[in-house]
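Asker:
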Amino acid sequence: MNKLNTSSSELDLDRPNIEDYLPSGSIQEPHGTLRLRDLLDISPTLTEAAGAIVDDSFTRCFKSNPPEPWNWNIYLFPLWCLGVVVRYGLLFPSRVLVLTIGWIIFLSCYFPVHFLLKGHDKLRKKLERGLVELICSFFVGSWTGVVKYHGPRPSIRPKQIFVANHTSMIDFIVLEQMTAFAVIMQKHPGWVGLLQSTILESLGCIWFNRSESKDREIVARKLREHVHGADNNPLLVFPEGTCVNNHYTVMFKKGAFELGCTVCPIAIKYNKIFVDAFWNSRKQSFTTHLLQLMTSWAVVCDVWYLEPQNLKPGETPIEFAERVRDIISVRAGLKKVPWDGYLKYSRPSPKHRERKQQSFAESVLRRLEER
Amino acid sequence: MGSASSMLTQYDIEEVQEHCNHLFTQQEIVSLYKRFCQLDRNAKGFISADEFLSVPEFAMNPLSQRLLKMVDGLNFKDFVAFLSAFSAKATVPQKIEIIFKVYDSDCNGKVTFNDLNEVLHDLTGSFMSEKQRKEVLSQLLHEAGYTKESSLLLHDFIKIMEHSGLKMEVEIPED
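These protein sequences, in sequence, are chains A and B. In terms of the working numbering, the first sequence is residues 1 to 371. In terms of the working numbering, the second sequence is residues 1 to 175.
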């Protein structure tokens, strides 16, 4: 395996060797004297390209896999129709009602607490935490969320950070109803953004912007400050950086793993029996996604709080991140792929192509010398 | 079948199978159609260059730009015909033919020294100098009985690569 002399740009140190994961069986070390046919034979490269066109592990991560339809025969179809009537006519309105009541209670308690208790920070924070947990419970109730939590509940201690796999923004709500985490999220437009800047701000949440590269240093600094603060809310990070379809995990970004604190992994697995909870942000807005959840029977999932991990001596942050990703993937039954989630928004770095080019060029030059 | 429908009829499958000389089974054509629809985001009936490049494994390939010229904008029938050279059932001359087409970017049936140099450039990037590339090519062409000025035709390619144990196959997943 040729190690490329990389300039140490952050983007490259962010991931281990992709070649270790990709099928490279077609590229064999050629033997024998270099002939014209060896240069003309571009079949290994073409095979890789055609293989990628036909099927690739990256696109598979973001494919929605809706549950199999069961309403396909004459007995089941009327039953399904009845179900639709119940879901849209009965469940949906009552859920909207429950959610509205929840919001009214929340807002009427939150603002007084926030402004009147300005001086008594400890009490104020405690109440705000309780209120956020309450509104999240209302949200989860509004989809009839059946969540089973396994393992010891997160405790509020300094120098620890929680990481979880990411399927939809509702991951945050499902986890938040149990513990008021401070989360690090992409800043969104619209009503979500409004919620982010008002309520979530008070929990100590940190915002980032994917499209700004300088942003990373600022965010890294904020992470460090938060984690070392004694009575900040425990910090929750989704190291994948994007929503994945709950069958795979993409590579974890190392940011959360190089802060010198304990990493507590959380694994989340949704049961697709009634609805697929994957938020395919290419296909639907968050509002549509929520409406889809609110008109289905239930959202069923399992949450496992796993054993806290520390950086082992001699382990790099990237290896640490991969080890934790392994722990989470095994627990939730997810397959690992070697891709950076941000490739959803941008093209791969030219370094990968250059690596292949270097390998080929060196092979040709070496065989030339051997003649 | 053309544009927006996401269901293939038996007639459609047979038409596509005919067009690719029966190099794919009907099941493979159905799987390829699912893949085609997955890549063609807004059901236009063809896959744009941008959509091909959104597959990182493809974008990383040194020959991606050359291949893009060949697959950009193809409808499903032609897409399958293009991929048929990679079927296990395709003959060696059929595989050599697609390799020839990758080299012959101006589609005039002749591969010149310049074409060979350009493909080698794609494969080696900045890790071989122009001088080294031209030297290697001249030397190897000369040994095979050609000159820098020769234009290679398809039957030259077949003659050169026929017995090299060419293996160029792609498996269509069942999924």
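Where is the CB? At the ideal position from N, CA and C, for every residue including glycine. As the structure is a prediction and not an experimental result, all values here were calculated from the model.
Give the straight-line distance between the Cα atoms of residue 127 of chain B and residue 43 of chain A, rounded to the nearest whole angstrom.
Answerer: Indexing the second sequence from 1 puts residue 127 of chain B at position 127. Indexing the first sequence from 1 puts residue 43 of chain A at position 43. Spanning the two alpha carbons is a distance of roughly 20 Å.
Asker: List the endpoints of the continuous alpha helix (DSSP H) containing residue 38 of chain B.
Answerer: The sequence position of residue 38 of chain B within the second sequence is 38, counting from 1. First-last of the alpha helix (DSSP H) with residue 38 of chain B: 26-39.
Asker: Out of A:40, A:181, A:213, A:277, which has the shortest C-alpha to C-alpha gap to residue 244 of chain A?
Answerer: Sequence index remark: in the first sequence, residue 244 of chain A carries index 244 (1-based). Ranking A:40, A:181, A:213, A:277 by Cα distance to residue 244 of chain A puts A:277 first.
Asker: Thinking residue 273 of chain A and residue 300 of chain A are a contact (beta carbons under 8 Å), I'd like their distance in whole angstroms, please.
Answerer: By 1-based counting over the first sequence, the position of residue 273 of chain A is 273. By 1-based counting over the first sequence, the position of residue 300 of chain A is 300. 6 Å between Cβ atoms; contact.
Asker: For the beta strand (DSSP E) containing residue 251 of chain A, name the first residue and the last one.
Answerer: Here residue 251 of chain A is taken as the residue at index 251 of the first sequence, counted from 1. Here the beta strand (DSSP E) through residue 251 of chain A covers 248-251.
Asker: How many whole angstroms separate the CB atoms of residue 80 of chain B and residue 46 of chain B, which I take to be in contact at a CB cut-off of 8 Å?
Answerer: Position 80 of the second sequence holds residue 80 of chain B. Position 46 of the second sequence holds residue 46 of chain B. Going by Cβ atoms, the distance from residue 80 of chain B to residue 46 of chain B rounds to 13 Å, so no, they are not a contact pair.
Asker: Please state the DSSP three-state secondary structure of residue 19 of chain B.
Answerer: Your numbering for residue 19 of chain B matches position 19 in the second sequence. Helix.
Asker: Beta carbons nearer than 8 Å to chain A: which residues of the stretch 57-72 of chain B have them?
Answerer: So the list reads 57, 58, 59, 60, 61, 62, 63, 64, 67, 71, given in the order they occur along the chain.
Asker: What are the boundary residues of the alpha helix (DSSP H) that residue 103 of chain A is part of?
Answerer: Here residue 103 of chain A is taken as the residue at index 103 of the first sequence, counted from 1. From DSSP, the alpha helix (DSSP H) with residue 103 of chain A extends over 92-116.
Asker: Along the chain, where does the beta strand (DSSP E) that runs through residue 267 of chain A open and close?
Answerer: For this step, residue 267 of chain A is matched to residue 267 along the first sequence. Segment 262-271, the beta strand (DSSP E) holding residue 267 of chain A.
Asker: For residue 285 of chain A, count the other beta carbons within 10 Å of its own beta carbon; 16 or more makes it buried, fewer makes it exposed. Which is it?
Answerer: On the first sequence, position 285 is the one that residue 285 of chain A refers to. When all chains shown are included, residue 285 of chain A counts as exposed.
Asker: Which residue spans inside the stretch 150-188 of chain A form an unbroken alpha helix (DSSP H) run of at least 4?
Answerer: With a minimum length of 4 residues, the continuous alpha helix (DSSP H) runs that stay inside the stretch 150-188 of chain A are 170-176.
Asker: If I measure Cβ to Cβ from residue 146 of chain B and keep anything under 8 Å in the same chain, skipping five residues before and after, which residues do I get?
Answerer: Sequence index remark: in the second sequence, residue 146 of chain B carries index 146 (1-based). Counting only Cβ-Cβ distances below 8 Å, and skipping sequence neighbours, we find 152, 156.
Asker: What three-state label does DSSP hand residue 244 of chain A in the structure shown?
Answerer: For the purposes of this step, residue 244 of chain A is identified with residue 244 of the first sequence, where counting begins at 1. The answer is coil: DSSP assigns residue 244 of chain A none of H, G, I, E or B.
Asker: Among the residues of its own chain, which have a CB less than 7 Å from the CB of residue 147 of chain A, if the five just before and after it don't count?
Answerer: Within the first sequence, numbered from 1, the residue matching residue 147 of chain A stands at position 147. Around residue 147 of chain A: 140, 174, 301, 303.
Asker: Could you pull the start and end residues of the alpha helix (DSSP H) that residue 46 of chain A belongs to?
Answerer: Locating residue 46 of chain A in the first sequence gives position 46, counting from the first residue. It spans 43-54 - the alpha helix (DSSP H) in which residue 46 of chain A sits, taken as one unbroken run.
Asker: So the alpha helix (DSSP H) residue 115 of chain B belongs to, where does it begin and stop?
Answerer: The residue given as residue 115 of chain B occupies position 115 in the second sequence. Here the alpha helix (DSSP H) through residue 115 of chain B covers 113-124.
Asker: When you compare the CB of residue 55 of chain A with every CB in chain B, is at least one pair closer than 9 Å?
Answerer: Taking the first residue of the first sequence as position 1, residue 55 of chain A is located at position 55. With 9 Å as the cut-off, residue 55 of chain A counts as an interface residue toward chain B.
Asker: Using 8 Å as the threshold, is the stretch 92-107 of chain A in touch with the stretch 130-140 of chain A, meaning 3 or more CB pairs across them?
Answerer: Flag = yes, the stretch 92-107 of chain A and the stretch 130-140 of chain A touch.
Asker: Out of A:234, A:247, A:362, A:289, which has the shortest C-alpha to C-alpha gap to residue 264 of chain A?
Answerer: Numbered from 1 along the first sequence, position 264 holds the residue referred to as residue 264 of chain A. Taking only the C-alpha atoms, the option nearest residue 264 of chain A is A:234.
Asker: Could you name the residues that DSSP lists as bridge partners for residue 131 of chain A?
Answerer: As a first step, residue 131 of chain A must be located in the first sequence, where it is residue number 131. In the DSSP output, where bridge partners are listed per residue, residue 131 of chain A has none listed.
Asker: Starting from the N-terminal side, write out each stretch of the beta strand (DSSP E) that is 3 residues or longer and does not extend beyond the stretch 295-339 of chain A.
Answerer: Those beta strand (DSSP E) runs which fall completely within the stretch 295-339 of chain A and span 3+ residues are 299-305.
Asker: Take residue 164 of chain A as the anchor and find which of A:364, A:305, A:353, A:192 has the nearest alpha-carbon.
Answerer: Within the first sequence, the letter at position 164 stands for residue 164 of chain A. Measuring from the Cα of residue 164 of chain A, the nearest candidate turns out to be A:305.
Asker: Just list the alpha helix (DSSP H) runs in the stretch 139-163 of chain B, keeping only unbroken ones of 4 residues or longer that don't cross its boundaries, in chain order.
Answerer: Runs of the alpha helix (DSSP H) inside the stretch 139-163 of chain B: 154-161.
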